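Some notes on the structure that comes next.
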Amino acid sequence: MTSRAWDGTPAQNGTKDGTKDGTLAKDGTWDGTKDGTWDGTMRAAIVAFVMVPLFLMLTACGGDEQSGGGGAAGDAVVGEWIVIHELSDPEGLNPMVTNDASASAVFDRVYEKLLAQDFVTTDLYPVLAEARPTISEDHLTYTFKLRDGITFSDGKPLTAKDVVFSYKVVKNPLITDAAALRNYYESVKDVVAPDEKTVVITMSQPYFLAEYFLGGLWIVPKHIFDPKGLTDNYTFDEANSMEKAQANAALKEFATWYNTADVKRDTKLNVGSGPYIFDEWKTGESVTLRRNPKHWNAGKDQWNPGYAEKLIYKVVNDRNSAVVALKNGELDFMEYVPAAKFAEEIDTVATPFLRKYAFPTQAYTYIGFNTNRTVLSDAKVRKAMAYCLDRDALIKQVVRGLAVKVNSPIYQQRPEYDATLPNIDYNPNTAKQLLAEAGWADTDGDGVLDKVLGGRKTPLHVTFLINAGNEMREAIAITMSEELRKIGVKMDIRKLEWSVFLENLRTRNFEMFIGGWVNDPIPSDPYQIWHSSQIGNKGSNYVGFKNKRADELLDLNRTEFDETKRIAYMKEFQQIVASEQPYIFLWSPLYPSVYNTRLQNVNYSAVRPGYNPTQWWVPKAQWKYAPVQ
Numbered sequence: 009m010t011s012r013a014w015d016g017t018p019a020q021n022g023t024k025d026g027t028k029d030g031t032l033a034k035d036g037t038w039d040g041t042k043d044g045t046w047d048g049t050m051r052a053a054i055v056a057f058v059m060v061p062l063f064l065m066l067t068a069c070g071g072d073e074q075s076g077g078g079g080a081a082g083d084a085v086v087g088e089w090i091v092i093h094e095l096s097d098p099e100g101l102n103p104m105v106t107n108d109a110s111a112s113a114v115f116d117r118v119y120e121k122l123l124a125q126d127f128v129t130t131d132l133y134p135v136l137a138e139a140r141p142t143i144s145e146d147h148l149t150y151t152f153k154l155r156d157g158i159t160f161s162d163g164k165p166l167t168a169k170d171v172v173f174s175y176k177v178v179k180n181p182l183i184t185d186a187a188a189l190r191n192y193y194e195s196v197k198d199v200v201a202p203d204e205k206t207v208v209i210t211m212s213q214p215y216f217l218a219e220y221f222l223g224g225l226w227i228v229p230k231h232i233f234d235p236k237g238l239t240d241n242y243t244f245d246e247a248n249s250m251e252k253a254q255a256n257a258a259l260k261e262f263a264t265w266y267n268t269a270d271v272k273r274d275t276k277l278n279v280g281s282g283p284y285i286f287d288e289w290k291t292g293e294s295v296t297l298r299r300n301p302k303h304w305n306a307g308k309d310q311w312n313p314g315y316a317e318k319l320i321y322k323v324v325n326d327r328n329s330a331v332v333a334l335k336n337g338e339l340d341f342m343e344y345v346p347a348a349k350f351a352e353e354i355d356t357v358a359t360p361f362l363r364k365y366a367f368p369t370q371a372y373t374y375i376g377f378n379t380n381r382t383v384l385s386d387a388k389v390r391k392a393m394a395y396c397l398d399r400d401a402l403i404k405q406v407v408r409g410l411a412v413k414v415n416s417p418i419y420q421q422r423p424e425y426d427a428t429l430p431n432i433d434y435n436p437n438t439a440k441q442l443l444a445e446a447g448w449a450d451t452d453g454d455g456v457l458d459k460v461l462g463g464r465k466t467p468l469h470v471t472f473l474i475n476a477g478n479e480m481r482e483a484i485a486i487t488m489s490e491e492l493r494k495i496g497v498k499m500d501i502r503k504l505e506w507s508v509f510l511e512n513l514r515t516r517n518f519e520m521f522i523g524g525w526v527n528d529p530i531p532s533d534p535y536q537i538w539h540s541s542q543i544g545n546k547g548s549n550y551v552g553f554k555n556k557r558a559d560e561l562l563d564l565n566r567t568e569f570d571e572t573k574r575i576a577y578m579k580e581f582q583q584i585v586a587s588e589q590p591y592i593f594l595w596s597p598l599y600p601s602v603y604n605t606r607l608q609n610v611n612y613s614a615v616r617p618g619y620n621p622t623q624w625w626v627p628k629a630q631w632k633y634a635p636v637q
């Protein structure tokens, strides 16, 4: 349930970073009917979907644009392979050290949690736990009881010891790539297993989202990842202190091992208890999951029945090629089709075996500034650049109206969203004025503004990172480069492969970039992305935002159970972010998805990533990859 980074396609669990473009009718309208028009505002659609997902749950009942290809789940058959589009390789397979939205959509089929969110209501329901936890009156102790008969896919039992081990992994401060996930567990003081089925978690201070996150940690097998028992030789007290951690040889040795590429990538190491097993990863081509024939909960979990024999996540890092593959029947599902292609090329009359539906999720696209770079350290410079971007035109041209402007990191459907935040509308004259006030001028007549910084004349010249294959982000970058050129700012565009792009963000090796965050449908906790403690050690505060009062508000928000007070904290926090302008907030998108009608039981949800392939099945008459049994 962390915020996850997003490569332009949706993802899962928490705040992840990524982004997608969209598409609509030529005039940019959408009414939700078969012809792809829209009779209400996008904000209204998103609010309705997230706040009352039950009413907009899509059932597989025929051939309209909003639902699956027919056939109720009760008629489902087991077997066949389903091919799902991915824009890029996942960052990794291990949930503890992977903060990539697309990756989590994959490994969420392999690993399980104590609790999960109901696909329709978004309420928590027990998965590995037999019930929701018993919580002490002071909100400091959470006791979970595990179900009977849980096993990992290798047949080994999953016990309370594996839960304790999973917490020791995420709490180990020397496992650098776990930083984004770890921030949600900072207040975990101790985790003990009194017996094989009981887990008692003690908090150092209350956290209003504790049940979501304590129940939402993926459980990984101790017998595979810690055969030497290294985690038995350090305590949670040591894991909670960097100084003590550095002094514990076992803790350091375990972290060194868990930081290796094998842990992140090896399909044989990454064993879970879920309905699917990692089968094969062909770098740059595909990740294949195979149905777990010994799933301990087979036939009992209505949201994860696991019908398909294989789920193949096929990498096609050019969306134009992916759309061709979709129309040729080589892909069964594409969660994000570029807006123009969605409206103009996916013709469900000419290709009646395709269905399309644009679904909302809690995500937003933004441009981030490295506030620690000298030329971008002044908020006036960052605001000036914001005034050079015509968001209304971009929404119409780039995403065909499938988006609504946002001005805040808080999602608009949340009660804590501050609707009084001003729009920063396109105004190059205001941009020029702000840059002049900040001391920038073209002193040598070369068309690029400059200023003496650190005793030397410095041009206002920046590099803008985008992830390769995301044409929406590239279009935004090109537009911004041209607009900045008009006011004397030089901007170079650099395209990087997704994992390299992410690594540059995490190591702060950038000046500007386009990113996106996608979150779970839960109350707001922006700590992971905005608290100053998340700047170092590969945390998610990529832009280096640091404000003492903002930190105080984020800390207060985490320990407050009174919603009215949390709303007040979050509104003040949003005003600070708006003043500092570390992001240019762009929009919250709809995701234009397309799927082959051979897929049955295709439903959409507010629960990330917005769809669930474990629910899909294919009638035997339409099998084409696996032999019909």
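What the sequence shown shows, in this note's numbering, is residues 9 to 637, in sequence order.
Each residue gets a CB set at the ideal place from its N, CA and C atoms; glycine is no exception.
Bear in mind that the values here come from a model prediction, so they are computed numbers and not experimental data.
> So the alpha helix (DSSP H) I484 belongs to, where does it begin and stop?
Replying inline: E479 to K494
>> Does A257 pass the burial test, meaning 16 or more other C-beta atoms within 10 Å, or should it be called exposed?
In response: exposed
> Given a threshold of 16 other Cβ atoms within 10 Å of its Cβ, counted over all protein chains shown, does M342 qualify as buried or as exposed?
Replying inline: buried
>> Here's a check: name, in chain order, each residue in its chain whose Cβ is nearer than 6 Å to the Cβ of T167, leaving out the five neighbours to either side.
In response: E204
> Considering only residues of the stretch 205–229, which uninterrupted alpha helix (DSSP H) runs meet the minimum length of 4 residues and lie entirely inside it, listed in chain order?
Replying inline: 218–223
> In three-state DSSP terms, what is F569?
Replying inline: coil
> Would DSSP call S110 helix, strand or coil?
Replying inline: helix
> Whose CA, out of I403, K121 and H303, lies closest to the CA of P134?
Replying inline: K121
> So F521 and L513 are in contact, right, with Cβ under 8 Å, and what is the actual spacing, rounded?
Replying inline: 6 Å
> If we call anything under 8 Å between Cβ atoms a contact, is V323 one with S281?
Replying inline: no
> Taking the continuous beta strand (DSSP E) assigned at I403, which residues delimit it?
Replying inline: Here I403 belongs to no beta strand (DSSP E); instead the alpha helix (DSSP H) covers R399 to Q405.
>> Rounded to whole angstroms, what is the Cα-Cα separation between S195 and D270?
In response: 29 Å
>> Out of K546, Q623 and L397, which one is the CA nearest neighbour of Y612?
In response: Q623
>> Rounded to the nearest angstrom, what separates T356 and T605 at their Cα positions?
In response: 11 Å
> Going by C-alpha distance, which of I143, G447, Y365 and L561 is nearest I209?
Replying inline: I143
> How many whole angstroms separate the CB atoms of I183 and N267, which I take to be in contact at a CB cut-off of 8 Å?
Replying inline: 6 Å
> What's the C-alpha gap between A366 and V615?
Replying inline: 15 Å
>> At the level of alpha carbons, what is the spacing between G337 and V114?
In response: 22 Å
>> Could you tell me the alpha carbon to alpha carbon distance between D29 and L95, rounded to whole angstroms?
In response: Any reading at D29 must be qualified, since the residue scores a pLDDT of 31, below 50, and its modelled position is unreliable; no value is offered.
>> I'd like the ranges of any beta strand (DSSP E) spanning at least 3 consecutive residues and lying wholly in the stretch 446–474.
In response: 458–461 and 464–467
>> For L123, report the span of its beta strand (DSSP E) as first-last.
In response: L123 to Q125
> Among A111, R493, P360 and I584, which one has its Cα closest to the Cα of K335?
Replying inline: P360
> How do the stretch 592–600 and the stretch 407–420 stand: do at least 3 beta-carbon pairs fall below 8 Å, yes or no?
Replying inline: yes
> What are the boundary residues of the beta strand (DSSP E) that Y599 is part of?
Replying inline: Y591 to N604
>> Considering only their Cβ atoms, is the gap separating K272 from V470 smaller than 8 Å?
In response: no
>> Looking only at its chain, what residues have a beta carbon closer than 7 Å to the beta carbon of T130, apart from the 5 residues adjacent to it on each side?
In response: P61, P529, A614 and V615
> Does the distance from the C-beta atom of A634 to that of E88 stay below 8 Å?
Replying inline: yes
> Can you find at least 3 beta carbon pairs, one from the stretch 388–408 and one from the stretch 483–498, that sit closer than 8 Å?
Replying inline: yes
> Is it right to say S587 is buried, meaning 16 or more other beta carbons lie within 10 angstroms of its own, or is it exposed?
Replying inline: exposed
> Is DSSP giving P368 helix, strand or coil here?
Replying inline: strand
> Can you tell me where the beta strand (DSSP E) with Y175 in it begins and where it stops?
Replying inline: No beta strand (DSSP E) contains Y175, which is instead part of the alpha helix (DSSP H) from A168 to K179.
> Is it true that the CB of Y284 sits closer than 8 Å to the CB of R117?
Replying inline: yes
> Looking only at C-alpha atoms, which of D162, P467, T159 and Y192 sits nearest to Y175?
Replying inline: Y192
> Tell me which same chain residues have a C-beta within less than 7 Å of the C-beta of A188, skipping the five on either side of it?
Replying inline: T10, N107, Q536, G547 and S548
> Since Y150 contacts L222 with CB under 8 Å, what's their CB separation in whole angstroms?
Replying inline: 5 Å
> Sorted by chain position, which residues of the same chain lie with C-beta nearer than 7 Å to K494's C-beta, five sequence neighbours on each side aside?
Replying inline: P436
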